[in-house]
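Trainee:
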Amino acid sequence: MSNEVADLNGVDGRLLALAGSPSQYIKLNVGGALYQTTISTLTKHDSMLRAMFSGRME
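Numbering-wise (the UniProt record's numbering), the sequence shown opens with residue 1 and increments by one.
1) Assign T41 to one of three DSSP states: helix, strand, or coil.
2) Should T37 go down as buried or exposed, given a rule of 16 or more other Cβ atoms within 10 Å for buried?
3) Quick check on L42: buried or exposed, where buried means 16 or more other Cβ atoms within 10 Å of its Cβ?
4) Which one or two residues does DSSP pair with A33 in a beta bridge?
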């Protein structure tokens with residue numbers, strides 16, 4: 001469990017380093033569709049997106 005928490009904290013850190021701030025908007029190109037969201041949304045606790053970025057999903 002503590003390894004999972006450390007992994008997720010690492011994901012948060014990498015995403016923050018890319019975007020600069022949890023509230024800063026980032027653009028995603030998903031199959032040609034453009035979306036705009038924030039780092040805080042992508043890393044919200046127990047979200048599917050956070051699980052996808054952390055590598056927990058198979």
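Note that beta-carbon positions come from the ideal geometry of N, C-alpha and C, so glycine has one too.
Here the structure is a predicted model, which means the values were calculated and not measured.
Mentor: The relevant details are as follows:
1) Translated into positions along the sequence shown, residue 41 becomes position 41. Helix at T41.
2) On the sequence shown, position 37 is the one that residue 37 refers to. By the neighbour-count rule (16 or more Cβ atoms within 10 Å), T37 is not buried but exposed.
3) Mapped onto the sequence shown, residue 42 falls at position 42. L42 comes out buried.
4) Sequence index remark: in the sequence shown, residue 33 carries index 33 (1-based). Paired residue(s): V30.
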